[in-house]
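Encoded as structure tokens, the structure appears first; notes follow it.
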Amino acid sequence: MSDRLKFMDEKIQALKDDGVYRDLPINYGPCTNVINLNGKSVVNLSSNNYLGLANHPRVKKASMDALEKYGVGAGSVRTIVGNQDLLEDLETLLAEFKHEEAVMCFQSGLNCNIGTIQAITERGDLIISDALNHASIIDGVRLSRADKAVYKHNDMEDLERILKEKRDDYNNVLIITDGVFSMDGDLAPLPEIVKLAKTYNCLTYVDDAHGSGVLGKSGRGTVDHFGLHGEIDFIIGTLSKAIGVIGGYVATKKNVKAWLLHRARPLLFSTALPPAATAATIESVKMLMESEAYTEKLWKNAAYFKQALKDLGFDIGISETPITPVMIGSESKTMAFSKALLEQGVFVSGIVFPTVPKGSGRCRVMLSASHTKEDLDKAIAAFEAVGKALEVI
Ligand SMILES: *Cc1c(COP(=O)(O)O)cnc(C)c1O
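In our numbering, the protein residues as written are -12 to 380.
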């Protein structure tokens, strides 16, 4: 037998030696408040299904109707024959929802970032990115021919230092930030970023994957939350998190959309979203536009859970959103904490280095409108028992 791939065994052994090797857990059903994970019924505190729409009957019905009418696949990239009318409908609806001129949809949030950033920047430009921006932004920036700079997380003095030093050396300067940071649940200081962008004549780009469907009126996002409509040049949202389906989009100006159709590589070289997913997304967005009940329930659940954990003495970091990092510390203790919660019937993934800095391991709780009070109480009791057993509280 050839051992050409022996280097893989060595790499995997290194992961095992570091205690970070893992098998994928298997969910034997839909993404709901309680799931069957590896054959065990557990309260699911680790999905991005913020509003419980991933398995909502109305969304499923819309998806099944589209499946009957349009089949299962788009059959081509959008620029050939994959541009089914549902996609046009979705973009019109999203532009209305976001109060922006135009929306361009991609197959995922990741695709949107790697396609858009590269297309809107070129040699002679500078991209300035927050140090904690999402991996798909980092990859998008890497694909661009522009120069790159990174400012300390949410540090406006550091951003201004870079602007002072470098602005005049470049044509366009693009400032990129997450709207909501996924590891800590904190918000970008968008009003300050917009102010600096005006002073130094820069473009602004906000990836609002965790803000869409969560913050602002009916989940219109972080830009709506701060009252900054019209001030951000590129607003990225995902359809895979609160919206409950799959896909990503950029809300922007019509001319940007027209350019992306010619230069965004995921649109040119990867098949369009499947129609059943597009139809499901349309229904989800309509539901958000009709009612604030979903976002209200999410925030109510988040407030209840966060207060209970604070009262128990847990450190839940600097979160301003339903993302709740329960700080544990060392990598091994974090993983042990997550495992002990699972034994109590509660699934919360442990997040450790290299996803977060060494020693800042956490069990990150993702709350959802789908959780019942019983689910949350069960989880709170499990946190109390494990927290005491492992001497975290
Ligand atoms: C999750 C996430 C993405 C990726 O979105 P997908 O639709 O899952 O590909 C992009 N950016 C940020 C900030 C995210 O949190």
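We put the CB at the ideal spot given by N, CA and C, even for glycine.
The structure displayed is predicted, hence computed values, not measured ones.
Exercise for the section: Could you check if residue 85 is buried or exposed, using at least 16 other CB atoms within 10 Å of its CB as the buried criterion? Expected result: Working through the sequence shown from its first residue, we reach residue 85 at position 98. Buried, by the Cβ-count rule.
Practice task
Verify whether the separation of the beta carbon atoms of residue 87 and residue 238 is less than 8 Å.
Solution key: For the purposes of this step, residue 87 is taken as residue 100 along the sequence shown, with counting starting at 1. For the purposes of this step, residue 238 is taken as residue 251 along the sequence shown, with counting starting at 1. Between residue 87 and residue 238, the C-beta gap is smaller than 8 Å, which places the two residues in contact.
Problem - Classification of residue 94 by the beta-carbon crowding that lies within 10 angstroms, buried from 16 upward - result: Counted from its first residue, the sequence shown places residue 94 at position 107. With 16 or more Cβ atoms within 10 Å of its Cβ, residue 94 is classed as buried.
Practice task
State the Cα-Cα distance for the pair residue 261 and residue 59, rounded to the nearest angstrom.
Solution key: By one-based count along the sequence shown, residue 261 stands at place 274. By one-based count along the sequence shown, residue 59 stands at place 72. Straight across, the Cα-Cα distance linking residue 261 with residue 59 is about 6 Å.
Practice task
Run the proximity test for residue 216: is its beta-carbon closer than 7 Å to any non-hydrogen atom belonging to ligand 1?
Solution key: In the sequence shown, residue 216 corresponds to position 229, counting from 1. Result no, Cβ not under 7 Å from ligand 1.
Practice task
Could you name the residues whose beta carbon sits closer than 5 Å to any heavy atom belonging to ligand 3, keeping them in chain order?
Solution key: With respect to ligand 3, the structure shown offers nothing to examine, as its ligands consist of ligand 1.
Problem - Environment of residue 71 [buried if 16+ CB atoms lie within 10 Å] - result: Position 84 of the sequence shown, counted from the first residue, corresponds to residue 71. Residue 71 should be labelled buried.
Problem - Beta-carbon contacts of residue 64 that lie in its chain and below 8 Å, excluding the five residues immediately before and after - result: Working through the sequence shown from its first residue, we reach residue 64 at position 77. Around residue 64: 254, 255, 256, 257, 258 and 259.
Handout entry: Cα-Cα separation, residue 122 to residue 105
Key = Numbered from its first residue, the sequence shown carries residue 122 at position 135. Numbered from its first residue, the sequence shown carries residue 105 at position 118. One C-alpha to the other measures close to 15 Å.
Handout entry: Ordered list of alpha helix (DSSP H) runs contained in the stretch 198 to 270, each at least 4 residues
Key = 209 to 212, 241 to 250 and 252 to 256
Practice task
Inspect the beta-carbon positions of residue 166 and residue 193 and report whether they are closer than 8 Å.
Solution key: In the sequence shown, residue 166 corresponds to position 179, counting from 1. In the sequence shown, residue 193 corresponds to position 206, counting from 1. In this structure, residue 193 lies closer than 8 Å to residue 166 by Cβ.
Exercise for the section: State buried or exposed for residue 214, treating a residue as buried only when at least 16 other CB atoms are found within 10 Å of its CB. Expected result: Indexing the sequence shown from 1 puts residue 214 at position 227. So residue 214 ends up on the exposed side.
Problem - Helix, strand or coil at residue 174 according to DSSP, with G and I counted as helix - result: Sequence index remark: in the sequence shown, residue 174 carries index 187 (1-based). Note: residue 174 maps to strand in three-state DSSP.
Handout entry: Reference residue 17, options 43, 7, 5 and 37, closest by Cα
Key = The sequence position of residue 17 within the sequence shown is 30, counting from 1. Per the Cα distances, 43.
Practice task
Indicate whether the contact test is met: 3 or more Cβ pairs, each with one atom in the stretch 165 to 181 and one in the stretch 41 to 56, closer than 8 Å.
Solution key: no
Handout entry: residue 50 - DSSP class collapsed to helix/strand/coil
Key = The residue given as residue 50 occupies position 63 in the sequence shown. If DSSP states are grouped into helix, strand and coil, residue 50 belongs with the helices.
Problem - Beta-carbon proximity list for residue 331, same chain, < 6 Å, skipping 5 on both sides - result: What you label residue 331 is simply residue 344 of the sequence shown in a count that begins at 1. Cβ within range, chain order: 369.
Exercise for the section: Tell me where the beta strand (DSSP E) around residue 138 begins and ends. Expected result: On the sequence shown, residue 138 is found 151 positions in, with the first residue counted as 1. Looking at the DSSP string, the run of the beta strand (DSSP E) that includes residue 138 is 134 to 138.
Exercise for the section: With a 10 Å radius around its C-beta and 16 neighbouring C-beta atoms as the bar for buried, classify residue 142 as buried or exposed. Expected result: As a working mapping, residue 142 is identified with position 155 in the sequence shown. So residue 142 counts as exposed.
Handout entry: DSSP three-state assignment for residue 281, whether helix, strand or coil
Key = Indexing the sequence shown from 1 puts residue 281 at position 294. The answer is helix: DSSP assigns residue 281 an H, G or I state.
Handout entry: Segments of 4+ residues assigned as alpha helix (DSSP H) that fall wholly inside the stretch 57 to 85
Key = 72 to 85
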